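> If you're matching them up, the sequences are chains A and B in order.
The first sequence maps to residues 0 to 643 in numbering that gives the first Met the number 0.
The second sequence maps to residues 0 to 114 in numbering that gives the first Met the number 0.
Structure provided below as structure tokens; questions to follow.
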Amino acid sequence: MAKKIRRRQFLAGVAAAPAVGLAAAAAPAVAAQAPAPARPSVPLVPNDDRSLFDLPPQTIGKTGADFMVDVLKSVGIDYIASCPGSTFRAIHESIITYGNNSKPEFLTTLHEDTSAAMCHGYAKIAKKPMACMVHGTVGLQHASMAIYNAFADRVPMLILSGNIGNVATRQVIVEWNHSVQDQAAIVRDYTKWDDQPTSLQGFAESTVRAMDLMTTAPMGPVLITDDGDLQEDPIPPEVEKRLKIPVLRGIRSQPSGDVSAVREAAKMLVAAENPVIFPYRYARTEAAPALLVQLAELLHAPVVDGRGRMNIPNRHPLNHTTRREAAFAEADLILALEPVDVYGLTTNIPDIVHRPNIPARRQPNLKIIQIGAEGLMPKANFQNFQRFAPVDLNINGDAEATMPTLIEAVKAEMTAAHKSKFEARGQKLKGLVERSLAQRMTDATFQWEAKPISSPRFVMELWNQIKNENWALPTESQFLSEWPYFLWDINKPYQTMGYSGAQGIGYNSPAALGAALANKEHGRITVAMVGDGDLNMAPGVLWTAAHHRIPILYLVHNNRSYHQEVMMILKMAARRSRVDHKNIYVGTLIDDPAPNYAKIAEGYGLYAQGPIEDPKDLAAAIKRGIEVVKRGEPALIDIISDGR
Amino acid sequence: MSNMRFIVLGAAVLFASAAGVVAQPAGDPKAGETAYMKLGCYSCHGVWGQGTWRDGPRLNPPMPYEAMVQQLRTPRYEMPFYVESQISDKGVADIIAYLKSVPKPVDQSVIKAMQ
Numbered sequence: 000m001a002k003k004i005r006r007r008q009f010l011a012g013v014a015a016a017p018a019v020g021l022a023a024a025a026a027p028a029v030a031a032q033a034p035a036p037a038r039p040s041v042p043l044v045p046n047d048d049r050s051l052f053d054l055p056p057q058t059i060g061k062t063g064a065d066f067m068v069d070v071l072k073s074v075g076i077d078y079i080a081s082c083p084g085s086t087f088r089a090i091h092e093s094i095i096t097y098g099n100n101s102k103p104e105f106l107t108t109l110h111e112d113t114s115a116a117m118c119h120g121y122a123k124i125a126k127k128p129m130a131c132m133v134h135g136t137v138g139l140q141h142a143s144m145a146i147y148n149a150f151a152d153r154v155p156m157l158i159l160s161g162n163i164g165n166v167a168t169r170q171v172i173v174e175w176n177h178s179v180q181d182q183a184a185i186v187r188d189y190t191k192w193d194d195q196p197t198s199l200q201g202f203a204e205s206t207v208r209a210m211d212l213m214t215t216a217p218m219g220p221v222l223i224t225d226d227g228d229l230q231e232d233p234i235p236p237e238v239e240k241r242l243k244i245p246v247l248r249g250i251r252s253q254p255s256g257d258v259s260a261v262r263e264a265a266k267m268l269v270a271a272e273n274p275v276i277f278p279y280r281y282a283r284t285e286a287a288p289a290l291l292v293q294l295a296e297l298l299h300a301p302v303v304d305g306r307g308r309m310n311i312p313n314r315h316p317l318n319h320t321t322r323r324e325a326a327f328a329e330a331d332l333i334l335a336l337e338p339v340d341v342y343g344l345t346t347n348i349p350d351i352v353h354r355p356n357i358p359a360r361r362q363p364n365l366k367i368i369q370i371g372a373e374g375l376m377p378k379a380n381f382q383n384f385q386r387f388a389p390v391d392l393n394i395n396g397d398a399e400a401t402m403p404t405l406i407e408a409v410k411a412e413m414t415a416a417h418k419s420k421f422e423a424r425g426q427k428l429k430g431l432v433e434r435s436l437a438q439r440m441t442d443a444t445f446q447w448e449a450k451p452i453s454s455p456r457f458v459m460e461l462w463n464q465i466k467n468e469n470w471a472l473p474t475e476s477q478f479l480s481e482w483p484y485f486l487w488d489i490n491k492p493y494q495t496m497g498y499s500g501a502q503g504i505g506y507n508s509p510a511a512l513g514a515a516l517a518n519k520e521h522g523r524i525t526v527a528m529v530g531d532g533d534l535n536m537a538p539g540v541l542w543t544a545a546h547h548r549i550p551i552l553y554l555v556h557n558n559r560s561y562h563q564e565v566m567m568i569l570k571m572a573a574r575r576s577r578v579d580h581k582n583i584y585v586g587t588l589i590d591d592p593a594p595n596y597a598k599i600a601e602g603y604g605l606y607a608q609g610p611i612e613d614p615k616d617l618a619a620a621i622k623r624g625i626e627v628v629k630r631g632e633p634a635l636i637d638i639i640s641d642g643r
Numbered sequence: 000m001s002n003m004r005f006i007v008l009g010a011a012v013l014f015a016s017a018a019g020v021v022a023q024p025a026g027d028p029k030a031g032e033t034a035y036m037k038l039g040c041y042s043c044h045g046v047w048g049q050g051t052w053r054d055g056p057r058l059n060p061p062m063p064y065e066a067m068v069q070q071l072r073t074p075r076y077e078m079p080f081y082v083e084s085q086i087s088d089k090g091v092a093d094i095i096a097y098l099k100s101v102p103k104p105v106d107q108s109v110i111k112a113m114q
């Protein structure tokens, strides 16, 4: 009936047409007054339940996208990283005008992979999600690798994608290429949840549900696909009155381990002769490291940090990570907290012909307790769930949420005799870490003056400039042989944030920028040691840093290669006695010509220095870079470095 | 990794002694540097043999000649094989000469002062 009325209004040349959206097709209200468009000279093709000429050409009043911005504000999204795209042009426009580009603020990126990876890094430091907005089909596919990293790393982000769902209103060619029947199918294997709401009320409820789901362990990205018509159309006043944005009420909880199982874990820990605690992605909040220290000190048990998060200060006397294998070899019980690879705790698969499964040197009576939320989000296709390994006690629940209960259970289980025994154990552990660290220090002395600049020199020259500052290092350091963990004092929960999740190269540069965004409001100096291979995956991140005045010091660990692959190809060729072949470096070097990252950074608007080839020049260059960052701007130093 | 270095070294010395390897030829550090780089030793062990945390133990100061030959011919763990056609025994001596020629380590106090 409503349709007929609208049609008649059009045919009669009535200027006032009802504003309709897909969610409010039956709403009879008039949203805006505007002149009718001139009648086209060609016959119109009917547009199912809506006609272009049923809508006024100019919207006066609130649009669907405006309401979507209300929803994003309501759930606390402060930033949206995005490359613009026509499938979400309406919500883009609403964010920057209706929403005044504040909470959320639109952050312009030069690649959707950067948008998503920024969300990844931001959430790990801010402990809350931000959003990325990606173009229908093309943008989401660009973003997919960074989404996979975040999923594998169990980090939340809100992904908003546009889509022109209505075939009758899609423009030819481009909008068809950018539209999809089931957009979430592209990334469903590695998102926690998705929805494609067909009404504004549905958008509100789905977004709030998404926030609830993604911030509940196990966390992960969620995708909401925003229909183009829903964004662009005006909201009839009667519909607007009925729209409600749900609010998450009450105490937000995380899944915690079953109490009876936690008590059993406490019994096993107290009874063990040599328990070792192995946290991987354990720390979910900034309170986590202190809880872990409390448990370790209660038991006088060494901690071998998997470093998937900032779990424990690296200089804590019970942090035995530098003697990982020795600690595991002595253990009769391993308490694994949010582990990823339990199989690898007892078995090695060396990179040699036949890839044999070699049992690691472990006690025959070794028992393993696993506490983690991994099992609460099973997926089938991507294999990031790792190899199955049976454990002696598996507690399904978030490890940090379970920790207070475990600590109390251990206390309840302990007697005075246990206390004395544990203290004696602690005495025996003293000095072991120091010996291990002294060995690393000796290693560092052998390469101090080396050219290309060695990794320990690289990280210590940086440390010397930041050690008295409020600093944060959001990038991975395994490609610098983890030297910061050996030589620095890392004791704040925000100073490191673990690994990429799925080892997809190109994570560090944009994720560090997201982290820097979170650090900015705390006045922290963000230093990002990124590989040249990593930076080349997303060099446009430099422009985003400059454009949005995000302070960060990029230090390019420039070994002019994909060095991991240099090693792998050499190893493969050595197995086949072909290591001296003239083509041995084909495909692994980033050289000839050697990119000049300082010039690239300058081109994007950053203060930059380099290439720095002499280690003696490093201190002054870093000092200048830090000064720029302290002024609130990004800077980059290109450092010609040894492979690892 | 330091432990791994000593395990590898110990095992190599043991095998070498049992095999009765020939005396060490005179080494040429320049030729050794060329071989060290060409064979890709630097990629895991660092340009001066300083080692890396996970990928290759420190080779400086270098292990004895016999042990080095043994380790290259019948390596332990993930170290790839290097047969005679890739690097001769003389070439191994050259590599050792190169590793002995690189600058000496600095005093630890230099680094500790920065901590």
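From the three backbone atoms N, C-alpha and C, an ideal C-beta is built for every residue, glycine too.
These figures come from a predicted structure and were not determined experimentally.
Considering only C-alpha positions, which residue in the set A:I351, A:G396, A:F327, A:T96 is nearest to B:M78?
Cα-wise, what sits closest to B:M78 is A:I351.
> In angstroms with no decimal places, state the Cα-to-Cα distance between A:A511 and A:P56.
44 Å
> Since I believe A:A328 is in contact with A:R361 (beta carbons under 8 Å), could you give me their beta-carbon distance rounded to a whole number of angstroms?
Contact flag correct, Cβ pair sits at about 6 Å.
> What is the DSSP secondary structure of A:L405, reduced to helix, strand or coil?
helix
> Whole angstroms are fine: how far does the CA of A:T62 sit from the CA of A:S178?
21 Å
> State buried or exposed for A:Q426, treating a residue as buried only when at least 16 other CB atoms are found within 10 Å of its CB.
exposed
> With DSSP collapsed to three states, give me the class of A:T62.
In the structure shown, A:T62 sits in a strand (DSSP, three-state: E or B).
> Beta-carbon within less than 8 Å of A:A130's beta-carbon, same chain only, minus the 5 sequence neighbours each way: which residues are those?
L71, I76, Y78, I79, A80, P103, C118, M156, L157, I158, L159
> Hey, is B:G39's beta-carbon within less than 8 Å of any beta-carbon in chain A?
Yes, B:G39 counts as interfacial toward chain A.
> Restricting to runs no shorter than 4 residues, where is the alpha helix (DSSP H) found entirely within the stretch 179-224 of chain A?
199-213
> With C-beta atoms as the reference, is A:G135 less than 8 Å away from A:N100?
It is not a contact, given that the beta carbons lie outside the stated cut-off.
> In chain order, what residues of the stretch 564-588 of chain A put their CB closer than 7 Å to some CB of chain B?
Answer set for the stretch 564-588 of chain A: V565, M566, L569, K570, A573, R574, S576, V578, D579.
> Applying a beta-carbon distance threshold of less than 9 Å, which residues of chain A neighbour B:I95?
By Cβ distance, chain A contributes nothing, its closest Cβ being about 15 Å from B:I95, past 9 Å.
> Going along the chain, which residues of its own chain have a beta-carbon closer than 6 Å to the beta-carbon of A:H562, five neighbours each way excluded?
G642
> When burial is assigned at 16 or more other CB atoms within 10 Å of the CB, is A:L375 buried or exposed?
exposed
> Please report the straight-line C-alpha distance between A:N318 and A:M218, rounded to a whole angstrom.
27 Å
> Do A:L392 and A:E263 have their beta-carbon atoms positioned less than 8 Å apart in this structure?
yes
> Could you work out which residues of chain B lie near A:M440, taking near to mean beta carbons separated by less than 8 Å?
Q107, I110, K111
> Going by DSSP, what residues sit across from A:M663 in a beta bridge?
Outside the modelled stretch of chain A, which goes from 0 to 643, sits residue 663 of chain A, for which no answer is possible.
> According to DSSP, simplified to helix, strand and coil, what is B:V46?
coil
> Does DSSP put A:C131 in a helix, a strand or coil?
strand
> Residue ranges of each beta strand (DSSP E) run of no fewer than 3 residues wholly in the stretch 549-606 of chain A, ordered along the chain?
Counting only runs of 3 or more, we get 552-557.
> Run through DSSP, which three-state label would A:D637 get?
strand
> For B:A22, tell me which candidate among B:G45, B:P63, B:T51, B:Y41 has the shortest Cα-Cα distance.
Answer by Cα proximity: B:P63.
> Hey, quick one: how far does the alpha helix (DSSP H) through A:Y147 stretch, first residue to last?
137-151
> For A:S143 and A:F384, I'd like the C-alpha separation in whole angstroms.
18 Å
> Give the residues of chain A in contact with B:R57, contact being defined as C-beta atoms less than 8 Å apart.
D442, F445
> Could you tell me which whole alpha helix (DSSP H) segments of length 4 or greater appear in the stretch 55-79 of chain B?
64-72
> In the stretch 153-177 of chain A, which residues sit with their C-beta less than 9 Å from some C-beta in chain B, listed in chain order?
none
> Applying the criterion that 16 or more other CB atoms from any shown protein chain within 10 Å of the CB defines a buried residue, is A:N310 buried or exposed?
buried
> Starting from A:P274, follow the beta strand (DSSP E) in both directions and report where the run begins and ends.
Start and end: 274-278.
> Indicate whether A:A471 and A:S508 have their beta-carbon atoms separated by less than 8 Å.
no
> A:V529 lies in the beta strand (DSSP E); which residues open and close that run?
524-530
> Using a Cβ-Cβ cutoff of 8 Å, what residues of the stretch 23-38 of chain B are near chain A? List them in chain order.
K37, L38
> Is there a Cβ of chain A sitting closer than 8 Å to that of B:G45, yes or no?
yes
> Just mark A:G586 as buried or exposed, buried being the case when its beta carbon has 16 or more other beta carbons within 10 Å.
Looking at its Cβ environment, which holds fewer than 16 other Cβ atoms inside 10 Å, A:G586 is exposed.
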